[in-house]
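Peer 1: Numbering-wise (the UniProt record's numbering), the first sequence opens with residue 1 and increments by one.
Ideal Cβ positions, reconstructed from N, Cα and C, are used throughout, including at glycine.
All values reported here derive from a predicted model rather than from experimental measurement.
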Amino acid sequence: MAQGVEGDAARPPRLNGLPSNPNLANNAKPNSFNRRQKIAQQRKSLPIASVEKRLVQEVRNNDTLIVVGETGSGKTTQIPQFLFNAGFCSDGKVIGVTQPRRVAAVTVAKRVAEESGVELGQRVGYSIRFDDMTSGSTRIKYMTDGLLLREALLDPYLSRYSVLIVDEAHERTVHTDVLLGLLKDVQNKRSASANDCPNTEKKQLSNGMLLEKGQGVWSSTLKQGQSRRFSTLKLIIMSASLDARVFSEYFGGARAVHVQGRQFPVDILYTLHPQPDYLDATLITIFQIHLEEGPGDVLVFLTGQEEIESVERLIQERLRQLPEGNRNMLTVSIFSSLPSEKQMRVFAPSPPGFRKVILATNIAETSVTIPGIKYVVDPGFVKARSYDPAKGMESLIVIPTSKAQALQRSGRAGREGPGKCFRLYPETEFEKLEDSTKPEIKRCNLSNVVLQLMALGVKDVIGFDFIEKPPRAAIVKSLEQLFLLGALTEDCKLSDPLGHQMARLPLDPMYSKALIQASQFNCVEEVLITVAMLSVESIFYAPREKLEEARTAMKCFSSADGDHITLINVFRAADEFLEKRKSGQSKEKDDKLLKKWCKENFINSRSLRHARDIHRQIQGHVEQMGLRIASCGDDMVQFRRCLAASFFLNAALKQPEGLYRALASGQVVQIHPSSVLFRTKPECIIFNELVQTNHKYIRNITRIDYLWLTELAPQYYSMQR
DNA sequence: GAGCACTGC
Numbered sequence: 001m002a003q004g005v006e007g008d009a010a011r012p013p014r015l016n017g018l019p020s021n022p023n024l025a026n027n028a029k030p031n032s033f034n035r036r037q038k039i040a041q042q043r044k045s046l047p048i049a050s051v052e053k054r055l056v057q058e059v060r061n062n063d064t065l066i067v068v069g070e071t072g073s074g075k076t077t078q079i080p081q082f083l084f085n086a087g088f089c090s091d092g093k094v095i096g097v098t099q100p101r102r103v104a105a106v107t108v109a110k111r112v113a114e115e116s117g118v119e120l121g122q123r124v125g126y127s128i129r130f131d132d133m134t135s136g137s138t139r140i141k142y143m144t145d146g147l148l149l150r151e152a153l154l155d156p157y158l159s160r161y162s163v164l165i166v167d168e169a170h171e172r173t174v175h176t177d178v179l180l181g182l183l184k185d186v187q188n189k190r191s192a193s194a195n196d197c198p199n200t201e202k203k204q205l206s207n208g209m210l211l212e213k214g215q216g217v218w219s220s221t222l223k224q225g226q227s228r229r230f231s232t233l234k235l236i237i238m239s240a241s242l243d244a245r246v247f248s249e250y251f252g253g254a255r256a257v258h259v260q261g262r263q264f265p266v267d268i269l270y271t272l273h274p275q276p277d278y279l280d281a282t283l284i285t286i287f288q289i290h291l292e293e294g295p296g297d298v299l300v301f302l303t304g305q306e307e308i309e310s311v312e313r314l315i316q317e318r319l320r321q322l323p324e325g326n327r328n329m330l331t332v333s334i335f336s337s338l339p340s341e342k343q344m345r346v347f348a349p350s351p352p353g354f355r356k357v358i359l360a361t362n363i364a365e366t367s368v369t370i371p372g373i374k375y376v377v378d379p380g381f382v383k384a385r386s387y388d389p390a391k392g393m394e395s396l397i398v399i400p401t402s403k404a405q406a407l408q409r410s411g412r413a414g415r416e417g418p419g420k421c422f423r424l425y426p427e428t429e430f431e432k433l434e435d436s437t438k439p440e441i442k443r444c445n446l447s448n449v450v451l452q453l454m455a456l457g458v459k460d461v462i463g464f465d466f467i468e469k470p471p472r473a474a475i476v477k478s479l480e481q482l483f484l485l486g487a488l489t490e491d492c493k494l495s496d497p498l499g500h501q502m503a504r505l506p507l508d509p510m511y512s513k514a515l516i517q518a519s520q521f522n523c524v525e526e527v528l529i530t531v532a533m534l535s536v537e538s539i540f541y542a543p544r545e546k547l548e549e550a551r552t553a554m555k556c557f558s559s560a561d562g563d564h565i566t567l568i569n570v571f572r573a574a575d576e577f578l579e580k581r582k583s584g585q586s587k588e589k590d591d592k593l594l595k596k597w598c599k600e601n602f603i604n605s606r607s608l609r610h611a612r613d614i615h616r617q618i619q620g621h622v623e624q625m626g627l628r629i630a631s632c633g634d635d636m637v638q639f640r641r642c643l644a645a646s647f648f649l650n651a652a653l654k655q656p657e658g659l660y661r662a663l664a665s666g667q668v669v670q671i672h673p674s675s676v677l678f679r680t681k682p683e684c685i686i687f688n689e690l691v692q693t694n695h696k697y698i699r700n701i702t703r704i705d706y707l708w709l710t711e712l713a714p715q716y717y718s719m720q721r
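1) Could you tell me the distance, in whole angstroms, from the CA atom of Met-393 to the CA atom of Arg-472?
2) Please classify Arg-313: is it buried, with 16 or more other beta-carbons within 10 angstroms of its beta-carbon, or exposed?
3) Is DSSP giving Lys-223 helix, strand or coil here?
4) State the start and end residues of the unbroken beta strand (DSSP E) segment that holds Cys-421.
5) Considering only the beta carbon of each residue, do Leu-594 and Leu-608 sit closer than 8 Å?
6) Could you tell me whether the Cβ atoms of Leu-433 and Pro-400 are closer together than 8 Å?
7) Here's the rule I'm using: 16 or more other beta-carbon atoms within 10 Å means buried, otherwise exposed. How should Thr-702 be labelled?
8) When the Cα atoms are used, what is the spatial distance from Ile-48 to Pro-543?
9) Please report how far the alpha carbon of Leu-707 lies from the alpha carbon of Ile-671, in whole angstroms.
10) Excluding five sequence neighbours on each side, which residues of the same chain lie with their C-beta closer than 8 Å to the C-beta of Ala-169?
11) When DSSP labels each residue in this structure, what does residue 731 get in the three-state scheme?
12) Quick test of your reading: Arg-172 and Glu-440, contact by CB under 8 Å. State the CB separation rounded to the nearest angstrom.
13) If you draw a straight line from the C-alpha of Thr-437 to the C-alpha of Ile-79, how long is it?
14) Please state whether the Cβ-Cβ distance between Thr-566 and Phe-577 is less than 8 Å.
15) Below 8 Å, how does it come out for the stretch 612-619 and the stretch 517-533: are there three or more Cβ pairs, yes or no?
16) Among the candidates Glu-115, Leu-182, Val-257, whose CA atom is the shortest distance from the CA of Gln-57?
17) Alpha carbon to alpha carbon, how far is Asp-145 from Val-94?
18) Return the bridge partner residues of Arg-385 from the DSSP annotation.
19) How long is the line joining the alpha carbons of Glu-600 and His-564, rounded to whole angstroms?
20) Grab me the residues of Asn-448's own chain with a C-beta within less than 8 Å of its C-beta, minus the 5 sequence neighbours each way, in chain order.
21) For Phe-251, count the other beta carbons within 10 Å of its own beta carbon; 16 or more makes it buried, fewer makes it exposed. Which is it?
22) Is DSSP giving Gly-666 helix, strand or coil here?
23) What does the alpha-carbon distance come out to for the pair Phe-354 and Gly-417?
24) How far does the alpha helix (DSSP H) with Lys-654 in it extend, from its first residue to its last?
25) Between which two residues does the beta strand (DSSP E) carrying Met-625 extend?
26) Measuring alpha carbon to alpha carbon, tell me which of Lys-654, Gln-305, Gln-343, Phe-381 ends up nearest Pro-276.
27) If distances are taken between C-alpha atoms only, which option among Asn-326, Leu-120, Ala-348, Thr-77 comes closest to Val-332?
28) Let's see if you can read the secondary structure: which residues bound the alpha helix (DSSP H) around Gln-321?
29) Relative to the C-alpha of Val-254, which residue among Glu-309, Asn-61, Phe-422, Phe-687 is closest?
30) Check whether the stretch 641-652 and the stretch 678-695 touch, using three or more Cβ-Cβ pairs below 8 Å as the test.
31) For Met-344, which beta-bridge partners are listed by DSSP?
32) Out of Leu-322, Gly-304, Pro-323, state which residue places its alpha-carbon closest to the alpha-carbon of Ile-334.
33) Do Leu-498 and Val-450 have their beta-carbon atoms positioned less than 8 Å apart in this structure?
34) Using the beta-carbon count (16 or more within 10 Å), is Lys-356 buried or exposed?
35) Does the pairing of the stretch 112-122 with the stretch 135-144 give three or more beta-carbon distances under 8 Å?
36) Anyone know if the C-beta pair for Leu-485 and Lys-459 falls short of 8 Å?
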């Protein structure tokens with residue numbers, strides 16, 4: 001039931017026993033009539049179905065509405081359809097729904113298209129980077145939040161949308177937080193314009209770009225000489241967190257409603273005492289479940305790959321000590337850098353009589369839903385990124401989870417039936433946890449956020465109305481960095497054209513700068529490949545059991561000059577391989593071929609494919625900007641000089657004992673073992689990443705000449721010395 | 001001698 005949430009956060013009604021999931025009720029392949037009937041039935045059985053009228057009324061009455069809905073409430077699929085049926089898309093307006101993840105945008109759009117009985121891409125569609133399934137007739141559009149942010153750069157009033165729904169807002173990703181600030185502002189401006197008297201229309205007309213780029217509705221109404229004002233923008237913020245207060249307060253006391261979810265009860269068990277060694281406690285718990293509990297798979301949350309691999313080994317060891325009859329346990333792992341075919345193993349049902357134990361990072365908290373989980377083991381830790389603006393350094397540190405995160409984890413045990421969650425700490429410790437995870441915007445490098453906001457016309461980024469302000473020092477550091485890159489002028493405005501060009505490129509500002517600057521060094525082709533490869537997760541894949549083979553494979557691509565040229569070699573080798581093999585076959589066939597090539601060469605095919613997509617997209621931008629895609633050929637000195645000119649803020653000099661001193665911050669760092677320069681250790685280098693894990697590591701490194709720095713970045717290096 | 005999770009017209 002939808003209930004008003006007044007002041008205090010409403011506790012949701014407690015979960016009660018539920019009919020089994022109708023999705024699973026029938027495995028027979030129904031004909032299309034039956035299927036449609038079944039879908040209609042399922043829709044009707046969703047908790048949200050009974051409150052359709054009330055919800056629509058709430059949206060009519062309130063410009064901003066907070067919807068708190070638990071897992072399984074159907075809010076994401078149903079509310080947009082309710083609003084469409086209620087006429088919120090009249091005049092050709094669009095209902096936009098943002099998601100933090102690409103897969104979610106795609107799968108939900110597919111589901112809603114099916115429920116609506118329309119072809120995907122027609123009335124219901126999705127749009128994510130590299131994949132647009134929308135058309136002129138799309139009225140319900142699912143998309144990633146980052147994509148909507150990009151859209152705002154072209155259409156600052158988001159004029160095609162009558163309703164924007166921000167889903168999963170409780171996750172508080174950087175994109176969500178920036179979007180909330182932007183939408184609040186757009187909503188105010190549109191409301192102001194809607195209430196304006198007609199003689200202020202001129203002001204809007206003078207914004208030529210906006211009117212030209214607006215969707216059909218606007219141009220046609222303009223031609224007819226009717227209203228030239230913007231309609232108000234309805235905002236719906238959807239969150240699974242029980243506390244609607246933060247969102248409600250941010251939107252001026254916006255009304256919050258609660259929609260009941262559909263989850264099975266999960267028993268939460270705590271330890272009596274704190275566990276000094278949580279890995280040991282994990283191991284004991286896994287075997288306790290295996291030997292004492294009924295059938296059902298186990299999901300274990302660990303902090304990273306290393307931990308997962310070591311727990312997996314320990315389980316195997318201990319399993320061998322069990323009597324044969326008790327060895328019916330299977331372990332599988334999942335973490336993001338694992339190749340997808342290995343990731344798929346977690347979805348395979350366990351063989352009859354076997355219990356599957358899944359060792360996962362927090363990828364299994366939200367991104368991946370594994371069926372069959374009845375038990376969750378939660379040691380209570382997570383590896384989190386944090387950022388130190390003063391040092392310009394990111395670090396990955398293991399910290400306790402938040403209460404919200406612990407709740408999310410335990411929820412994974414109650415998706416198909418009642419479950420159990422074993423928290424490996426006492427209940428008193430749970431009470432001491434932070435309520436929610438620190439929003440990402442407070443712990444990351446903000447250069448890109450600041451650049452985007454300035455491109456959106458925000459003049460005072462420090463004063464910007466964030467839902468939670470990032471540290472002032474982090475914003476100042478970003479402004480400083482953007483100034484040093486030439487994106488900002490002395491009086492802190494976006495420079496023309498450089499700053500605007502940089503903001504248009506979906507790249508780290510430092511990479512955008514490198515790309516634009518590359519034309520002066522005649523190496524746009526090389527830098528284009530480099531920034532695409534630097535923008536993805538690690539390209540090389542070296543499983544522990546085949547480390548030697550992987551190393552040999554990598555040698556074929558290695559350049560003595562460093563990682564950047566090595567990455568170019570990989571990209572070009574893949575390209576040449578495809579050129580030779582394809583002769584105009586389908587994209588699927590190419591993908592398959594590439595995958596095979598990647599496997600043989602110990603390359604992560606997901607990363608390489610991603611890099612190729614980025615390359616294609618950025619190439620389009622580069623052509624649009626009118627840069628000539630020239631190559632420096634064999635003259636890699638040109639290319640390295642270009643890197644020096646672009647990444648001068650990340651230069652380092654060799655110190656005794658193989659260490660390096662980063663020139664900008666003075667920190668002592670070391671070359672990451674994955675670098676091709678790990679053994680060579682040249683005198684002077686530039687790097688792209690500085691991350692603290694067990695040590696302070698720099699990654700993606702190229703050898704340069706120290707004199708290039710004073711020659712190519714005198715504004716910085718004469719100041720320094 | 002080593003890699004939490006996402007995302008970008």
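Peer 2: Walking through what the data contain:
1) 16 Å
2) exposed
3) Caution is warranted here: a pLDDT of 35 is assigned to Lys-223, below 50, making its placement in the model unreliable, and no coordinate value can be reported.
4) 419-423
5) yes
6) yes
7) buried
8) 46 Å
9) 21 Å
10) Thr-176, Leu-180, Ile-237, Met-238, Ser-239, Phe-247
11) Nothing about residue 731 can be reported from this structure: the residues present for the chain run from 1 to 721 only.
12) 7 Å
13) 27 Å
14) no
15) yes
16) Val-257
17) 16 Å
18) Leu-396
19) 21 Å
20) Asp-508, Pro-509
21) buried
22) coil
23) 19 Å
24) Here Lys-654 belongs to no alpha helix (DSSP H); instead the beta strand (DSSP E) covers 651-654.
25) Where Met-625 is concerned, there is no enclosing beta strand (DSSP E), given that its DSSP letter is neither H nor E.
26) Phe-381
27) Ala-348
28) That residue, Gln-321, is in no alpha helix (DSSP H); it is neither H nor E in DSSP.
29) For the record, residue 254 in the displayed sequence is Ala; it is not Val. Nearest of Glu-309, Asn-61, Phe-422, Phe-687 to Ala-254, Cα basis: Asn-61.
30) yes
31) Looking at the DSSP assignment, Met-344 forms no beta bridge with any residue, so it has no partner.
32) Gly-304
33) no
34) buried
35) yes
36) no
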